[in-house]
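Engineer: This is the structure, below, for whatever I ask next.
In full-length UniProt numbering, the protein residues as written are 1 to 122.
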């Protein structure tokens with residue numbers, strides 16, 4: 001069975017894009033969330049192996065989401081997804097405990113590399 005991933009993004013088409021890449025490459029999508037608050041709830045319920053987390057979302061953004069998930073599980077594997085020009089926020093997310101980041105528009109290879117690298121590190 002493939003590793004289980006929780007996809008967090010406020011844009012449904014982005015979630016679908018990541019989901020397609022993951023399922024095509026042997027990962028299981030454990031769940032999807034449209035903001036950090038929902039992500040924290042689902043993380044507790046689903047206990048995924050990895051989370052892909054968008055930075056800019058309504059209600060609770062990705063940085064707050066990372067902090068909240070890491071408070072629940074200090075070893076959580078979280079990869080940030082950011083648009084170009086969000087370097088400051090990416091650095092903040094890494095300091096908050098994210099283990100890697102990918103930049104939109106996504107390239108399948110980059111997503112898979114980041115996930116494999118983070119999961120390999122455990």
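Ideal Cβ positions, reconstructed from N, Cα and C, are used throughout, including at glycine. Predicted model only: the values in this text are computed from it and were never measured.
Could you check which residue in 28, 108, 22, 46 has the C-alpha nearest to that of residue 72?
Structural biologist: Closest by alpha carbon: 46.
Engineer: Counting along the chain, where does the alpha helix (DSSP H) carrying residue 109 start and finish?
Structural biologist: Note, residue 109: alpha helix (DSSP H), 108 to 121.
Engineer: What span of residues does the alpha helix (DSSP H) with residue 31 cover, start to end?
Structural biologist: Per DSSP, residue 31 belongs to no alpha helix (DSSP H); it is in the beta strand (DSSP E), 28 to 33.
Engineer: So who's on the other strand from residue 21, going by DSSP bridges?
Structural biologist: Paired residue(s): none; residue 21 is not in a bridge.
Engineer: Is the distance from the Cβ of residue 35 to the Cβ of residue 51 below 8 Å?
Structural biologist: Taking 8 Å as the Cβ cut-off, residue 35 and residue 51 do not qualify as a contacting pair.
Engineer: Can you tell me the Cα-Cα spacing of residue 104 and residue 120, whole angstroms?
Structural biologist: Approximately 23 Å, taken between the alpha carbons.
Engineer: For residue 48, count neighbouring C-beta atoms within 10 Å of its own C-beta (all shown protein chains included) and say buried if the count is 16 or more, exposed if not.
Structural biologist: Per the 10 Å Cβ criterion, buried.
Engineer: Just the C-alpha distance for residue 28 and residue 11, rounded to the nearest angstrom, thanks.
Structural biologist: In a straight line, the C-alpha of residue 28 is about 20 Å away from that of residue 11.
Engineer: Mind checking who residue 152 pairs with in its DSSP beta bridge?
Structural biologist: The structure shown does not extend to residue 152, since the chain is modelled only from 1 through 122, so no value can be given for it.
Engineer: Which same chain residues, not among the five before or five after residue 19, have their C-beta less than 8 Å away from its C-beta?
Structural biologist: Correct list, in chain order: 7, 29, 32.
Engineer: Near residue 59, what residues of its chain come up, given a Cβ to Cβ distance below 6 Å and the 5 sequence neighbours on each side ignored?
Structural biologist: Cβ neighbours of residue 59 beyond the five flanking positions: 35, 37.
Engineer: Should residue 101 go down as buried or exposed, given a rule of 16 or more other Cβ atoms within 10 Å for buried?
Structural biologist: It is buried - the Cβ of residue 101 has at least 16 other Cβ atoms within 10 Å.
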